[in-house]
Amino acid sequence: MKAKRTGALILALALCLSLGAHAAGSTTATVPVTLTVDNEYRAVNVTVPASLPIEVINGTVLTAENARITNNSKSGSVRVSGVEVTNGAYKVGSYNSFSGAKTIALKINGCPTEGPGKLGINTTAFPVIKAEESLALEYFAKISADAPNSKDVNALNVVFTISIV
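Those letters in the sequence shown? Residues -23 to -1, 1 to 142, per mature numbering (1 follows the signal peptide of the UniProt record, and there is no 0), in order.
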């Protein structure tokens, strides 16, 4: 067994020495590195409301008066390019022809819901937001009369899509 180990060791040393001799015959090559810089990327730094609270007190619907979307960037403008509403605990209904049980409808900056899906927005209601400026969100809500007493119910979801201008 010891003879096999010694033989294997001699063979391994011979291979190592032959690799060193083989490496001595190598050449070097210079490879160019191509660099491309694209400075058109700009991070979006925008704050949207964490929620759009709605309260119904004795039949009167109240909404927040301080909701806004803020462009926190030092330079560059953004805009709201889409607003989508989806059902939550309530079905999203039409603001202009409101009806239905367990239904809720919104009008955000003058743009009413017509059911779940995208709101028809325009640049008058959602103008460009310049750097370090805000866009106030004025919203109104209608809730069906069958709404039971409850607290912190996720009635619907609003998704704002923000785009760089």
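Glycine is no exception: its CB is placed at the ideal position from the N, C-alpha and C atoms.
For residue 116: DSSP bridge partner residues: Residue 116 pairs with 85.
Going by alpha carbons, who is nearest to residue 117 out of 20, 42, 2? 42
Are there 16 or more other CB atoms within 10 angstroms of the CB of residue 39, so buried, or fewer, so exposed? exposed
Assuming the contact rule is C-beta atoms closer than 8 Å, residue 82 and residue 75 should be a hit. Round their C-beta distance to whole Å, please. 5 Å
Determine, using beta carbons only, whether residue 28 and residue 108 come nearer to each other than 7 Å. no
Within the continuous beta strand (DSSP E) that includes residue 45, where are the two ends? 45 to 48
Flag this pair as yes or no: are the beta carbons of residue 68 and residue 80 separated by less than 7 Å? yes
Compare the C-alpha of residue 139 against each of 25, 10, 123 and name the closest. Looking at the Cα atoms, 25 is the closest of the given residues.
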